[in-house]
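There are 2 protein chains.
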Amino acid sequence: MVTLKDISRDLGLSVTQVSRALGGHADVNAQTRKRVRAAADRLGYRPNAVARGLKTGRSGIVAMVVSGTRTPEASAHLLEIVMGLSAEFSRIGLRFVLHVAQPDEDTVRLHEDLFLAGGIDGFIVISPQKSDPRIAALTRMGAAFVVHGRDPDQAHVHVDIDNFEVGRRMTDHLLRLGHRRIAFLTAGDNTFFSRERVRGLKRAYADHGLDAGMARVVGLPMIAPEGQRAASTLLSSKQRPTAIIAGNTLLARGVYRAAAMHGLQIPCDLSVLAHDDDLELFATDTFDPPIGGTFAPLSQAWVSVADTLQTMIEPEKEGLKHRILPLGFQIGGSAKSNSD
Amino acid sequence: MVTLKDISRDLGLSVTQVSRALGGHADVNAQTRKRVRAAADRLGYRPNAVARGLKTGRSGIVAMVVSGTRTPEASAHLLEIVMGLSAEFSRIGLRFVLHVAQPDEDTVRLHEDLFLAGGIDGFIVISPQKSDPRIAALTRMGAAFVVHGRDPDQAHVHVDIDNFEVGRRMTDHLLRLGHRRIAFLTAGDNTFFSRERVRGLKRAYADHGLDAGMARVVGLPMIAPEGQRAASTLLSSKQRPTAIIAGNTLLARGVYRAAAMHGLQIPCDLSVLAHDDDLELFATDTFDPPIGGTFAPLSQAWVSVADTLQTMIEPEKEGLKHRILPLGFQIGGSAKSNSD
DNA sequence: CGTCGTTTCCGAAACGTTTCGGATTAAGGG
DNA sequence: CCCTTAATCCGAAACGTTTCGGAAACGACG
């Protein structure tokens, strides 16, 4: 391994001056700097990340802990997240440690272990729950971390989309089309994004001077089979909804299947909207008719997340803190005016 | 942060002795060791991984570089690999760095950068190509690494399955059922596993005293649409095969689709076998009729890969080096005797 | 000629750990 | 009572880097 000492010996300079020359400090002669750079190149010098980490307290490594889920469909999101995040961190020169926890492991403990052992500068937290203990632990330890999503019970740096708007805009769109009995398929009440979306739905009803009690909110795991089951139940109920809003495209997939099984045409017999995360890696599934609703590419989130974490880690770098990502709306062909 | 010095001050011992006590060395009094352990617990001491890494030269971090692919179906394998590997490394206490390269990045260079910066003890290489430059680079630098698969042109530690047997057993099974015109869908000739499988196929023909020229070998990207396209071409050819062997279940999926489009019943009009990697995360797709062929759970590979790499990194630990994983065969319901 | 500021350099300490070589003590054997 | 041995302990150096506090050289200025 080539070290600073090797360069200094080669040039007859002190280690200090070599370090400062390569580090771009001011008090080093332009001539010397050039010589040092040349020698470093010639000898094949690479700064040792571990030694630097020991001295500076920063290792350039960030980590994310995920629990090893075994539900296949949720994995689609996870892969998108892992690949997207990793690519982004790699791009900005941070190394990304992925820790997949055993099903029975305590993830809070894992965060502590990773952080207290040193060598991890910051963390990414995804899918925060209400009063998420991971967030509490990281805050307590004074670790740098960015949450994708939000936990309303704790203050933390986050990157998120405007979920209130997600609920409001899709509901508003359907109300304008004359729908009144709208079913809303979303995650459980313990997630902030779900509560926000429901709040948006209620606001839309109120804005139209309507009673939100006409809407049916269903909380469920957001994967296709669950969506199909829930939609099936809804569609065979006496007062069946004329429109269904799905929290993501996996749920929407289930709704489409249920509609087909019930012999209902979309959008003629049933309107469907969904929020679309625009997954890049699993975009193979296309909808017929093409589905409408809000959209916000998940891939964009990682740029913000990585950027934000970097600025938290490197004090000299000033960048964005909290970030709310833009939201789009596509009409699609899955919703139609209702005349009931 | 609590350091050894803090403990030593607290107990009136030397840093040396505290280190040796916690490190489990011999020349420390049983009493003292107990006191040191207690103090460490009481003060909340956590050994600093960076400092230890600087001194010992080992950081406990391993890395894998993958190129950011955009073909959705190949991602299924990738997720399985990433999650499986990461879980296994996490389990044995090594941190796993995932580096997703930009599409235009030089992966050889990335391996060099990661290794020469220090702080990476070893690497995992997957999907080796013929004369893979990554393997050459890692060997040249003297880095520890394990390859999943094999590059026949270079000597390296590997974990693999017996691909010769994969080709031989599936072909043999079909030949016993009376098939003669067998199509073999596999990857390109630049992969060792594919060449081995074809060699196995030829051996099976020879063992039956038959000319392997009756078989059709098709090299293609191993994803469903390609399988469908290739199968479609084969099935509309004049001398259409009576059986098709698919290199993985994705290809088999395509073959099933093509058969359906051609109005062919499996197994009556067409026998199909496939090698099954038993992907855990994307096992949702079931085959009707259930597909037969060889199988070897990919998930098992990671245990071996991680174990092997660990023994290469930690000199005291003795473990397995090369490893050929066991291979199974399931009859399924997708192949039937042929009377042509 | 002494003082001051600027430019360019360097020694030494520090980050937290491991480990080499030796020091101290007590017990046991003659 | 001295010598050897074993059991415990410790100081100091080292890993490669960054950085604090100065030092040397030099010209400018009064």
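Chain order of the listed sequences is C and F.
Residue numbers for the first sequence follow this note's numbering, so the first one is 32 and each next one is one higher.
Residue numbers for the second sequence follow this note's numbering, so the first one is 32 and each next one is one higher.
Ideal Cβ placement from N, Cα and C applies to all residues, glycine included.
Predicted, not measured: the structure shown is a model, and the values here were computed from it.
| Asked | Found |
| --- | --- |
| Interface residues of the stretch 265-289 of chain F facing chain C [CB-CB below 9 angstroms] | none |
| Interface flag, V249 (chain F) vs chain C, CB-CB below 8 angstroms | no |
| Chain C contact for Q185 (chain F) (CB, 8 angstroms cutoff) | no |
| Own chain residues within Cβ distance below 8 angstroms of G124 (chain C), not counting five before or after | G91 |
| At least three beta-carbon pairs within less than 8 angstroms, the stretch 155-163 of chain F to the stretch 159-173 of chain C | no |
| Within 8 angstroms, strictly: CB atoms of F326 (chain F) and G359 (chain F) | yes |
| Cross-chain neighbours of F127 (chain C) in chain F, by beta carbon under 9 angstroms | V128, L129, H130 and V131 |
| Paired residues, beta bridge with M95 (chain F) - DSSP | F:L129 and F:I155 |
| Contact check, F154 (chain C) vs M201 (chain C), beta carbons under 8 angstroms | no |
| Members of the stretch 57-79 of chain C near chain F, C-beta cut-off 9 angstroms | G75, R77, P78 and N79 |
| S106 (chain F) at chain C interface by Cβ criterion, 8 angstroms | yes |
| Chain C residues whose Cβ lies nearer than 9 angstroms to that of R140 (chain F) | Those within 9 angstroms of R140 (chain F) in chain C number zero; the least Cβ separation is about 12 angstroms. |
| CB contact flag (R64 (chain C), A52 (chain C), <8 angstroms) | yes |
| Presumed contact (8 angstroms Cβ cut-off) between V286 (chain F) and A366 (chain F), rounded CB distance | Not a contact, Cβ separation roughly 12 angstroms. |
| Counted within 10 angstroms of its Cβ, other Cβ atoms place R40 (chain F) as buried (16 or more) or exposed | exposed |
| Chain-order list of residues whose beta-carbon lies under 6 angstroms from that of H187 (chain C) (same chain, five-residue window excluded) | I166 and V178 |
| Those residues which DSSP pairs with F215 (chain C) across a bridge | C:V248 and C:I276 |
| Any non-hydrogen atom of the ligand HEM within 7 angstroms of N79 (chain C) CB | This structure does not include the ligand HEM; it has no bound ligands of any sort. |
| Local Cβ density within 10 Å of K233 (chain C), reported as buried at 16 or more and exposed below that | buried |
| Interface flag, A118 (chain C) vs chain F, CB-CB below 8 angstroms | yes |
| For R160 (chain F), the three-state DSSP class (helix, strand or coil) | The sequence given here has Gln at residue 160 (chain F), not Arg. Reduced to three states, the DSSP call for Q160 (chain F) is coil. |
| Pair within 8 angstroms by beta-carbon distance, P183 (chain C) and F127 (chain C) | no |
| Between the CA atoms of T34 (chain F) and R77 (chain C) - distance to the nearest angstrom | 29 angstroms |
| Residues bridged to H189 (chain C) (per DSSP) | C:V178 |
| For F120 (chain C), the three-state DSSP class (helix, strand or coil) | helix |
| CB contact check: L110 (chain C) to chain F, cutoff 8 angstroms | yes |
| Helix, strand or coil at Q270 (chain C) [DSSP, three-state] | coil |
| Own chain, CB closer than 8 angstroms to I157 (chain C), minus 5 neighbours either side, in chain order | M95, V97, I112, V178, H179 and G180 |
| Limits of the unbroken alpha helix (DSSP H) element including I344 (chain C) | L329 to I344 |
| Neighbour flag for L85 (chain F) against chain C, beta carbons, 8 angstroms | yes |
| CB contact check: M114 (chain F) to chain C, cutoff 8 angstroms | yes |
| Selection of the stretch 211-242 of chain C by Cβ proximity to chain F, strictly under 9 angstroms | none |
| I355 (chain C): first and last residue of the uninterrupted beta strand (DSSP E) it sits in | R354 to L356 |
| According to DSSP, residues forming a beta bridge with V303 (chain C) | C:I275 |
| Burial state of D193 (chain F) (16 or more Cβ within 10 Å) | buried |
| Euclidean distance between Cα positions of A70 (chain C) and G173 (chain C) | 40 angstroms |
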